[in-house]
Each structure stands twice: as C-alpha cells, then as structure tokens.
Amino acid sequence: AEIAGLIRSATSFAMNRKVNVADLSKSKDMGEILVTMDDFESALCEVFPSFGQHADEFSSCLAYGITPYSAEFEKVMRNGKSLVDQVRCSENTPLLTILL
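In our numbering, each number is its position in the sequence shown, counted from 1, plus 12.
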C-alpha cells in the first residue's frame, strides 16, 4: 500500500508539470507524461511510512543516552545492533522484522 501511495504521489508531481491549472486548455500533451527520479524524491518527502517510526520522534527519548541496567539488556542491545548491521550491509536482507 505504501509503495502504491508513493507512485501515485510521484505521478501527481509529473502531471503537475504538464497541467496548466489556470487554463486547462493550455495544458501540454498529457500523453507525454514521464515520471522522473525528481518526482519520486519529491514524493518521498510527502509520503510517510506507516511501518516504523520517524527519526525525530526518538530524539527526545535519547537525550541522555541509554543506561545498560543488566546483562540481559546488554545482550538485547548487542543482538539489536547486529541485526541493524545485517540490514545495512547485506544485499539479501533489505528489511528485517523483529519482535522485542
């Protein structure tokens, strides 16, 4: 669903280049609409994921860092960092879902 929304948004940006909103009769040929990478980049700024969290929501939570309060907590942190590294570095695992 999210990728479909991104595509619709990018298509909207491409169409806006061809449509003259002030005078629709002066709109350019609608058959020549080409969605470009710039359209997708603009759409990425407009469409937000429903899966996951926005980075700015975490900034206030991490103001004083994370206190490692037990050996079990440290183990969870190591495992979490390992999973993050796996997603960042692996070509086979671009997305990984975990249950904490």
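Beta carbons are placed, not taken as given, at the ideal position from N, Cα and C, and that holds for glycine. Keep in mind the model is a prediction, meaning the values are calculated, not measured.
{"Check": "Taking the alpha helix (DSSP H) that residue 103 falls in, what are its first and last residues?", "Outcome": "Counting along the chain, residue 103 falls outside any alpha helix (DSSP H), and DSSP gives it neither H nor E."}
{"Check": "Where does residue 51 land, buried or exposed, given buried means 16+ other C-beta within 10 angstroms?", "Outcome": "buried"}
{"Check": "Excluding the 5 residues flanking residue 98 on each side, which residues of the same chain have their C-beta closer than 6 Å to its C-beta?", "Outcome": "105"}
{"Check": "Taking just the CA atoms, how far does residue 25 sit from residue 44?", "Outcome": "14 Å"}
{"Check": "Taking the continuous alpha helix (DSSP H) assigned at residue 19, which residues delimit it?", "Outcome": "14-30"}
{"Check": "Of all the options 82, 23, 96, 62, which has the alpha carbon lying nearest to the alpha carbon of residue 54?", "Outcome": "23"}
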